[in-house]
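Engineer: Have a look at the structure that comes next, please.
Residue numbers (our numbering): 124 to 498.
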């Protein structure tokens with residue numbers, strides 16, 4: 124149980140730092156003179172890393188040391204944040220964000236593997252609701268303090284402070300010495316992943332992830348342009364809305380495990396997410412915030428149930444690599460969305476990608492009626 128608390132603390136810090144930088148970076152890129160295509164390229168490279176590295180990381184988790192992967196990824200992210208504070212050209216920033224994506228993916232897959240393999244909590248809803256709650260609580264904290272840092276000291280200071288926090292988090296790795304390993308062959312993954320139920324679910328995850336492409340590209344610039352918010356104002360808007368994600372995940376943790384109810388709540392979550400994304404482009408900033416809050420609440424419901432469903436699709440001995448494959452498929456949707464929605468937003472209007480992405484989510488809600496695992 125103590126190890127699980129360290130996992131929650133690690134998730135809080137890593138999402139506080141990485142997600143905050145991811146959301147606020149486009150505003151910094153605009154100040155550096157980057158255009159929409161360059162921003163889309165940088166963000167898509169960040170998103171592309173899991174396509175290549177998720178399965179190898181998961182396979183290492185199933186056979187070797189998760190602790191060393193996590194420790195190395197934390198230190199790498201810290202160093203990359205420092206470098207990003209001094210790079211001012213598109214090629215250099217693209218390389219740095221690709222490497223940040225690699226390191227963050229290694230963290231994500233490894234921490235997921237540790238948590239999937241733990242048996243200390245019998246109720247899956249409580250286990251994965253609490254897990255997503257701590258993941259979701261990091262970004263509001265990071266965006267709140269990040270907004271203040273940007274306002275009074277600038278984006279470079281934000282990166283340097285978050286680099287220090289990330290490096291210090293590596294001290295929490297002392298509790299992960301006793302890991303369980305298994306001899307897992309590549310053939311074992313073939314049977315766990317390449318079956319109808321898993322493949323259909325992976326399509327659902329790919330389409331779900333498309334809307335993430337709006338968040339690191341046009342979300343911040345839209346808020347600045349549409350409502351005249353400062354960078355710190357954008358950060359506070361994002362932070363407040365993101366609290367709904369944490370609250371929705373906490374709600375899931377309070378429910379008893381019920382496959383039928385879980386499926387209904389997942390569909391409800393995707394519907395709220397899609398409607399909120401479309402409607403946040405309308406009205407004044409207060410109405411927009413209300414609908415964005417609704418969107419994030421829907422994402423919180425989906426986030427908790429996605430990891431729950433993945434935990435029940437695979438055997439524990441192969442879940443690291445198998446979940447890594449699904450992560451790669453899901454984040455390929457993130458990459459496609461980043462490229463497409465950045466290009467669309469900076470040409471047709473910054474609100475257009477969010478409307479399109481919201482409509483796609485509503486269509487995916489209907490598809491989820493047949494794509495969700497039934498047990």
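All C-beta atoms in this analysis are idealised placements derived from N, C-alpha and C, irrespective of residue type, glycine included.
Let me know if residue 486 comes out buried or exposed under the rule of 16 or more other beta-carbons within 10 Å of its beta-carbon.
Structural biologist: Position 363 of the chain shown holds residue 486. Under this definition residue 486 is an exposed residue.
Engineer: Using only the alpha-carbon positions, how far apart do residue 473 and residue 416 sit?
Structural biologist: For the purposes of this step, residue 473 is identified with residue 350 of the chain shown, where counting begins at 1. For the purposes of this step, residue 416 is identified with residue 293 of the chain shown, where counting begins at 1. So the two alpha carbons sit approximately 19 Å from each other.
Engineer: Apart from the five residues just before and just after residue 258, which ones in its own chain have a Cβ nearer than 7 Å to its Cβ?
Structural biologist: Locating residue 258 in the chain shown gives position 135, counting from the first residue. Hits under 7 Å: 134, 138.
Engineer: In three-state terms, what does DSSP make of residue 249?
Structural biologist: Position 126 of the chain shown, counted from the start, is the residue given in the question as residue 249. It is helical.
Engineer: Locate the alpha helix (DSSP H) running through residue 228, then write down its first and last residues.
Structural biologist: Here residue 228 is taken as the residue at index 105 of the chain shown, counted from 1. Start and end: 213 to 239.
Engineer: How would you call residue 406, buried or exposed, if buried means at least 16 neighbouring beta carbons within 10 angstroms?
Structural biologist: Looking up residue 406 in the chain shown gives position 283. Burial call: exposed.
Engineer: Which term fits residue 515, buried or exposed, when burial requires 16 or more other beta carbons within 10 angstroms of its beta carbon?
Structural biologist: In the structure as shown, the chain starts at 124 and stops at 498, and residue 515 therefore has no counterpart that could be examined.
Engineer: Can you name, in chain order, every residue of its own chain whose Cβ lies under 6 Å from the Cβ of residue 397, other than the five neighbours on each side?
Structural biologist: Position 274 of the chain shown, counted from the start, is the residue given in the question as residue 397. Result list for residue 397: 481, 484, 485, in chain order.
Engineer: In whole angstroms, what separates the C-alpha of residue 431 from that of residue 247?
Structural biologist: Here residue 431 is taken as the residue at index 308 of the chain shown, counted from 1. Here residue 247 is taken as the residue at index 124 of the chain shown, counted from 1. Spanning the two alpha carbons is a distance of roughly 7 Å.
Engineer: In angstroms, rounded to a whole number, what distance separates the CA positions of residue 230 and residue 492?
Structural biologist: The sequence position of residue 230 within the chain shown is 107, counting from 1. The sequence position of residue 492 within the chain shown is 369, counting from 1. Roughly 31 Å separates the two Cα atoms.
Engineer: Nearest to residue 118 by alpha carbon, out of 347, 366, 340, 386?
Structural biologist: No statement about residue 118 is possible, as the shown extent of the chain runs from 124 to 498 and does not include it.
Engineer: Give me the Cβ distance between residue 348 and residue 477, rounded to the nearest whole Å; I'm assuming they're in contact under 8 Å.
Structural biologist: The residue given as residue 348 occupies position 225 in the chain shown. The residue given as residue 477 occupies position 354 in the chain shown. Wrong, their Cβ atoms sit about 13 Å apart, outside the cutoff.
Engineer: Could you work out which residue in 325, 458, 328, 144 is closest to residue 343 when comparing CA atoms only?
Structural biologist: Position 220 of the chain shown, counted from the first residue, corresponds to residue 343. The candidate whose alpha carbon is nearest that of residue 343 is 144.
Engineer: Assuming the contact rule is C-beta atoms closer than 8 Å, residue 427 and residue 372 should be a hit. Round their C-beta distance to whole Å, please.
Structural biologist: The count along the chain shown starts at 1 and reaches residue 427 at position 304. The count along the chain shown starts at 1 and reaches residue 372 at position 249. Rounded, the Cβ-Cβ distance is 5 Å, consistent with contact.
Engineer: What residue from 226, 382, 469 has the CA that sits closest to residue 191's CA?
Structural biologist: Position 68 of the chain shown holds residue 191. Checking every option, the nearest Cα to that of residue 191 belongs to 226.
Engineer: In terms of alpha-carbon separation, which member of 394, 419, 332 lies closest to residue 464?
Structural biologist: Within the chain shown, residue 464 is the residue found at index 341, counting from 1. Measuring from the Cα of residue 464, the nearest candidate turns out to be 332.
Engineer: Using DSSP with H/G/I as helix, E/B as strand and the rest coil, what is residue 348?
Structural biologist: Position 225 of the chain shown, counting from 1, holds the residue named residue 348. Here residue 348 sits in helix by DSSP.
Engineer: Should residue 243 go down as buried or exposed, given a rule of 16 or more other Cβ atoms within 10 Å for buried?
Structural biologist: For this step, residue 243 is matched to residue 120 along the chain shown. Counting Cβ neighbours within 10 Å, residue 243 comes out exposed, since fewer than 16 surround it.
Engineer: I'd like the list of long-range same chain contacts for residue 159, defined as Cβ closer than 6 Å, with 5 residues on each side in sequence excluded.
Structural biologist: In the chain shown, the residue the question calls residue 159 occupies position 36. Result list for residue 159: 465, 469, in chain order.
Engineer: By the three-class DSSP mapping on this structure, what secondary structure does residue 377 have?
Structural biologist: Taking the chain shown and counting its residues from 1, one reaches residue 377 at position 254. In the structure shown, residue 377 sits in coil (DSSP, three-state: anything other than H, G, I, E or B).
Engineer: Residue 239: which of 446, 214, 496 sits nearest, CA to CA?
Structural biologist: The residue labelled residue 239 in the question sits at position 116 within the chain shown. Selected option, being the one with the closest Cα: 446.
Engineer: From this set, 351, 357, 237, 369, which residue's C-alpha is nearest residue 272's C-alpha?
Structural biologist: As a first step, residue 272 must be located in the chain shown, where it is residue number 149. Cα-wise, what sits closest to residue 272 is 357.
Engineer: Note down the Cα distance separating residue 207 from residue 335, rounded to an integer number of angstroms.
Structural biologist: Taking the chain shown and counting its residues from 1, one reaches residue 207 at position 84. Taking the chain shown and counting its residues from 1, one reaches residue 335 at position 212. Computed Cα separation, rounded: 22 Å.
Engineer: Start and end of the alpha helix (DSSP H) containing residue 243?
Structural biologist: Looking up residue 243 in the chain shown gives position 120. Segment: none, residue 243 is in no alpha helix (DSSP H) and carries neither H nor E.
Engineer: Excluding sequence positions up to five away, which residues of its chain have a Cβ less than 8 Å from the Cβ of residue 488?
Structural biologist: Numbered from its first residue, the chain shown carries residue 488 at position 365. Excluding positions up to five away in sequence, the list reads 390, 393, 394, 397.
Engineer: Are the CB atoms of residue 201 and residue 458 within a distance shorter than 8 Å?
Structural biologist: Position 335 of the chain shown, counting from 1, holds the residue named residue 458. Position 78 of the chain shown, counting from 1, holds the residue named residue 201. Against a cut-off of 8 Å, the Cβ pair of residue 201 and residue 458 comes out as no contact.
Engineer: Does DSSP classify residue 129 as helix, strand or coil?
Structural biologist: Position 6 of the chain shown, counted from the start, is the residue given in the question as residue 129. Residue state, collapsed to three classes: helix.
Engineer: Taking the Cβ atom as the reference point for each residue, do residue 130 and residue 237 lie within a distance shorter than 8 Å?
Structural biologist: Counting from 1 along the chain shown, the entry for residue 130 is found at position 7. Counting from 1 along the chain shown, the entry for residue 237 is found at position 114. Yes, they are a contact pair.
Engineer: Nearest to residue 215 by alpha carbon, out of 376, 449, 162, 197?
Structural biologist: For the purposes of this step, residue 215 is identified with residue 92 of the chain shown, where counting begins at 1. The candidate whose alpha carbon is nearest that of residue 215 is 162.
Engineer: Going by C-alpha to C-alpha distance, which of 198, 387, 354 sits closest to residue 288?
Structural biologist: The residue given as residue 288 occupies position 165 in the chain shown. Cα-wise, what sits closest to residue 288 is 198.
Engineer: With C-beta atoms as the reference, is residue 252 less than 8 Å away from residue 142?
Structural biologist: What you label residue 252 is simply residue 129 of the chain shown in a count that begins at 1. What you label residue 142 is simply residue 19 of the chain shown in a count that begins at 1. Not a contact, by the Cβ cut-off of 8 Å.
Engineer: Give, in chain order, every unbroken run of the alpha helix (DSSP H) that is at least 4 residues long and sits entirely within the segment 394 to 474.
Structural biologist: The segment 394 to 474 contains these whole alpha helix (DSSP H) runs: 408 to 436, 442 to 471.
Engineer: For residue 163, which of helix, strand or coil comes out of DSSP?
Structural biologist: For the purposes of this step, residue 163 is taken as the residue at position 40 of the chain shown. Reduced to three states, the DSSP call for residue 163 is helix.
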